[in-house]
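Chemist: Going down the list, the protein sequences come from chains S and H. Each residue of the first sequence is one higher than the one before, starting from 140 at the first, in my numbering. Each residue of the second sequence is one higher than the one before, starting from 119 at the first, in my numbering. Note that CB positions come from ideal geometry on N, CA and C, so glycine has one too.
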Amino acid sequence: MDDLLADFLTETNESLAEADLALVRLEQDPNDSATLALIFRLVHTIKGTCGFLGLARLEKVAHAAENVLGKLRDGAMSATPDLVTVVLTALDRVKLIVAGLESTGREPEGEDAALIADLDAIYEGRQISVVIKDAVPTTAPAAAPALQAPVEAAAALVTKPARARRGNTAAPKPRATSAAPPTMAAARPAVPDAEQNMPVSMEPACAAPAANVPGPVVAGPAEMGGGEQVLGGQTIRVGVDVLENLMTLVSELVLTRNQLLQLARSRENSGFTGPLQRLSHITSDLQEGVMKTRMQPIGNAWNKLPRIVRDLARELGKKIDLVMLGAETELDRQVLELIKDPLTHMVRNSGDHGLETPAERKTAGKAETGRITLNAYHEGGHIVIEIADDGRGLPVDRIKAKVLAKGLATEAELAAMSDEAIQRFIFQPGFSTAAAVTAVSGRGVGMDVVKTNIEKIGGAIELKSRPGEGTAFTIKIPLTLAIVAALIVEAGGERFAIPQISVVELVRAQNGLGAADPDNGHGTVEQTGSVIERINGTPVLRLRERLLPLVGLNELLQLRAENGRPALDGDAGDQALTIVVTQVGASQLGLIVDRVFDTEEIVVKPVAPLLRHITMFSGNTILGDGSVIMILDPSGIARASGVAGSGDGRAASSLAVQDNAVGQVETTAMLLFRGGGAGLKAVPLGLVARIERIAADKVEHAAGSPVTQYRGRLMRLVAMQDELHLERGEHPVLVFTDQSGQAGTELCMGLVVEEIVDVVDEHLHIELDGAGDGILGTAIIAGHATDVIDTSFWLTRAQPDWFSQSGPMASSGEDGGARKRILVVEDSDFFRQMIVPVLQAAGYQVTAVANAMRALALRDSAQSFDAIVSDIEMPELDGIGFVRAIRSAGPWADLPVIALTARTDVRDVELGRDAGFTDYVGKFDKDALLESLRQCLAVGPSPRNEHLAETFDEVPPRMVA
Amino acid sequence: MRDTTDLAQADRPTKLAEEEQMFVTLSVADQLCGIPVLAVRDILGPQVITRIPLSPPDVAGSLNLRGRIVTAIDLRRRLQLPPLPPGTTQMAVVAEQSNELYALLVDQVSEVLALTASAFERNPPTMAVEWARYSTGIYRLQDRLMAVLDVSRLLALSTHMS
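1) Taking 9 Å as the CB-CB limit, is Y252 (chain H) close to chain S?
2) Tell me whether the beta-carbon of L144 (chain S) lies closer than 9 Å to the beta-carbon of G244 (chain S).
3) Determine, using beta carbons only, whether L233 (chain H) and M264 (chain H) come nearer to each other than 9 Å.
4) Give me the subset of the stretch 582-604 of chain S whose CB atoms are less than 9 Å from a CB atom of chain H, sorted by chain position.
5) Determine, for R169 (chain H), whether the minimum Cβ-Cβ distance to residues of chain S falls below 9 Å.
6) Straight-line CA distance for A253 (chain S) to A229 (chain S)?
7) Would you mind giving the Cβ-Cβ distance between V223 (chain S) and L162 (chain S), rounded to the nearest angstrom? I have them listed as a contact below 8 Å.
8) For the putative contact between P773 (chain S) and L728 (chain S), defined by C-beta atoms under 8 Å, what is the C-beta separation to the nearest angstrom?
9) Judging by CA-CA distance, which residue of S:M463, S:L385, S:V462 and S:V743 is the nearest neighbour of I761 (chain S)?
10) Shortest alpha-carbon distance to L415 (chain S) belongs to which of S:A403, S:I524 and S:I526?
11) CB G493 (chain S) to CB R449 (chain S), shorter than 9 Å?
12) Could you compute how far the alpha carbon of G366 (chain S) sits from the alpha carbon of T374 (chain S)?
13) Tell me which residue opens and which closes the alpha helix (DSSP H) that F1021 (chain S) is part of.
14) Which residues, in order along the stretch 178-201 of chain H, keep a beta-carbon less than 7 Å from a beta-carbon of chain S?
15) Below 7 Å CB to CB, which residues in the same chain sit around I261 (chain S) once its five sequence neighbours on both sides are set aside?
16) Among S:L382, S:T512 and S:R647, which residue has its Cα nearest to the Cα of T610 (chain S)?
17) Name the one or two DSSP bridge partners that N650 (chain S) has.
18) Output the distance between the C-alpha atoms of G607 (chain S) and K541 (chain S), rounded to the nearest integer angstrom.
19) Taking the DSSP output, what are the residues bridged to V379 (chain S)?
20) Going by beta-carbon coordinates alone, are S604 (chain S) and Q562 (chain S) separated by less than 9 Å?
21) Could you check what DSSP says for V297 (chain S) in three-state terms: helix, strand or coil?
22) L172 (chain H) versus chain S: which residues are under 8 Å apart at the beta carbon?
23) Is A777 (chain S) close to chain H, meaning its C-beta is less than 9 Å from at least one C-beta of that chain?
24) Report the neighbours of V166 (chain H) on chain S: residues whose CB is nearer than 7 Å to its CB, in chain order.
25) Go ahead and pull the three-state DSSP assignment for V226 (chain S).
26) Closer than 8 Å between beta carbons: that is the criterion. Which residues of the stretch 217-250 of chain H meet it against chain S?
27) In whole angstroms, what separates the C-alpha of D259 (chain S) from that of R433 (chain S)?
28) If you scan the stretch 141-180 of chain H from start to end, which runs of the alpha helix (DSSP H) of 4 or more residues do you find wholly inside it?
29) For T847 (chain S), count the other beta carbons within 10 Å of its own beta carbon; 16 or more makes it buried, fewer makes it exposed. Which is it?
30) Using the Cα positions of I437 (chain S) and L475 (chain S), report the straight-line distance between them to the nearest angstrom.
31) In the DSSP output, which residue or residues are listed as bridge partners for N615 (chain S)?
32) Using a cut-off of 8 Å between C-beta atoms, extract the partners of E391 (chain S) located in chain B.
33) Considering only residues of the same chain and omitting the five flanking positions on each side of T168 (chain H), which have a CB-CB separation below 8 Å?
34) Can you tell me the Cα-Cα spacing of D1058 (chain S) and E1049 (chain S), whole angstroms?
35) Can you list, in chain order, the residues of its chain whose CB lies under 6 Å from that of R829 (chain S), leaving out five sequence neighbours each side?
36) For C189 (chain S), list the residues DSSP reports as bridge partners.
Next up, the structure:
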């Protein structure tokens, strides 16, 4: 029997029992609208489900009954005994059919025309036909017998055939196993003809007045549930909460067992050892048994897929072969329900986006029929599900374009990313690479939901894609949500559990001494073995050619170091530390712990509501020794420590400039390099579009200056060093581009440097002003004095008209008072990234946002600034509208707002001043901007120029905070 | 084993006579306080308490009560009283709030008293804010005064502490 049908039968039987009782109540109180509504709903549900399952006969009867009940419910007629009898007869007929379904798996044949005619007659308000009236003259007035008899009759009819053919129906429920779509015909056990006819032959007895069935039939409802039924014998419906409770109790039992075992271990040869071992075994078996009650084969989540894939293939004109392996792999019902939809979605995606059309496949030299493979297997307490296709693979270029269009990352950020990181963008909300929205997919909701759902149940999703070869998703989810394996670690004298699923490896490392020696080159550490290095105090570890960010658990959780182990930020000697490498989405993070104990199976319990705000913990648990410990949440820790949360692949550093709230120390990703004299140089990474290596023979000369052909056009090269030594070898080139600057033209410049050193995240604090042309100033980066280059200077060297004007850095470092806070509103990444260091160099604390709406959001969240610098031409809300919004009301109403614009003709300036701008500065006239800011801010905390004084009357009084 | 007395399940009448109510008395920084006996699930002796990093200052940690994790709240901190000198043991009164168990750490739990309503008075208006927030009133005992603590207010999530 089909699982769907089995569910329907179980449900319908329950509904019918309920409806019977309700009908009796109704007859006693014909105006009980609640009971009426209940009956109507039950019958309605039965009808609806029949239609869905294609049970025509059942549907017809239920439909006619529903009509009558509908009228009753609406008050169009009242429940007379006659009427109730007819409805009961209809319900009995439903039962009869259901019973037939139960025993044979198909609707018994029979004629319901008379009954339906009666029901329709009542519905249409005509007199009920004589059939029923004549037939039940005696039973109709007395409600109870009228009801009882049909039930018994139905029961009798059911039990007889069932009893007669028990042997045949013992055939097991077929499981959805492989590619073959389960069909009713295949799944149903063969039924001998004679038995199939049984219900039919009984039909007249029931179609005729039910009360006429002779009394001797004793089979009652009790016997129905007594194991005679196919359904009743195999399954029992138990509330999920009962199972949940059982599970919790067993979990507790496991914990107690663990405690006892620990105790017994310390006492050798005690009399407890034997019984305890037995208890241990029984507990394990019990745990397994209870787990099993919740376990279902994953095939249950798959059985609709063959049909979906078939329809999809037909719709898209593709040939798709669906291969399902490991359908019998079992997992927790709760988990199964949660992954059902994500799986369906992913298979659809594979068919729609992943696989090519037969023609495309032929040209690519592949078989015409594409293949989607589902594979499920157990692996160390987890279930792994792979969804793979042999299609075209994820198009990195299309994803890139989409990322740029959506503003999820800048081109510079993309350039620094691996293909895998870019492909992971498909897990971003609102992301779909399908060119057109089809009925199947491409609506841009999907993979992000899939990812969220999987992460919700403690799982992880990975993707591997190779162009032309296909895409494979791997989902790893815990078998059950109740018990997880966890690594127990110690930090600051406290123990913590880290879920094993997020632990990648353990690394022992020496606690190195601060930053590398300046004379020792640039950060290369010669020691063998791992050494924790520091970038301005921030610990990192070189792990297989990658920098692993580290977080000391002591510092993070504000625990005091104990046992003489020095805190990480102290001047520590060469100490061996243990690092737990955790995986959070695409990023890895190392947790420095004092000690590592063992792995233990723990029961995750939610933390008290009082503590839910602490995002570092996902729960707490009781260990085998009875002590309570907190379970660390690696993704919460990653978020708290600034590692890109949930693996969105975006560089956290660049977010800092754009998204950071005021008041926090903002870090900027800085590219360190050498060139143009001794010492390190740095440039904000966000400004650099790409880093290329250009060979000497590719350098040409045009109009006396060096150029190279780059992406189909000429790019000017400027060398940091005075003399270009480009004759030999390859040279690293920092490519600067600006697309959004001047209309239509893409500016492009290559800055030739000697060597790329590193990329570091640093709080950019320029301590010394520019020592020469092209240098903004000097900052301490990675523990070294580093010159931060003035990009605008070098850009104008390449292209004098890049900006209207450029010049040496104006000296404006005003130390002493609090740093003034400036809000920069600028849609062009390029200009934004350029202006921020300039203002920071001038001693301002800068917050930059990409559009006016974000700026207004900052205002609404009560952020305060001393001045605003805003672009004029911006999408959505332009600078004019923005300044009007600021001036109209709110705490920013009288802040100085300086306009930055490429257009500085008189009319534009007038327009801007009318809107409320304090000053107007050409883009990018650095000195003018700094001068303007100085003037605006010198006036006082709330400066007003003439214009503001004039319009002040219109400005509503400021609200008192 | 743990020194526990399950008072809630003790088969005692909670109302001996009309107007009479039973209280578990305890002391915090020498002040006698009372908690209605029906609100008390357990009385615990000194416990192993796990510190919870980053938790609010009045959360002392969590402890294991027969397989259930109970959040321990330091009543001295809650009432903004100076902490006990280190090494002093504390007792705990376990109470339930919206299906969660909490252990209120107190200096000492003494006895169960049956008190008549005639000895009850409202909080004096001059009472310190921290106390007035958590106390429903005062009982005049023969030799001293007992503040009645409202468990639900003590365990309310919103802490207005700085």
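Modeler: On the basis of the supplied data:
1) no
2) yes
3) yes
4) none
5) yes
6) 11 Å
7) 6 Å
8) 7 Å
9) S:V743
10) S:A403
11) no
12) Because G366 (chain S) carries a pLDDT of 36, less than 50, the predicted location of this residue cannot be relied on, and no value is offered for it.
13) G1018 to S1027
14) S180, L181, N182, G185, I187 and T189
15) V207, L222, V225 and I267
16) S:T512
17) S:I671
18) 20 Å
19) DSSP output for V379 (chain S) lists no bridge partner at all.
20) yes
21) Any reading at V297 (chain S) must be qualified, since the residue scores a pLDDT of 39, below 50, and its modelled position is unreliable; the value itself is stated next. Note: V297 (chain S) maps to helix in three-state DSSP.
22) L696, Q697, I753 and M755
23) no
24) S766
25) helix
26) E218 and Y220
27) 45 Å
28) none
29) buried
30) 7 Å
31) Correcting the residue identity first, residue 615 (chain S) is Lys in this sequence and not Asn. Looking at the DSSP assignment, K615 (chain S) forms a beta bridge with S:V523 and S:A599.
32) Of the chains in the structure shown, none is chain B; the protein chains are S and H.
33) G179, S180 and L181
34) 11 Å
35) A554 and V874
36) In DSSP, C189 (chain S) forms no bridge with anything.
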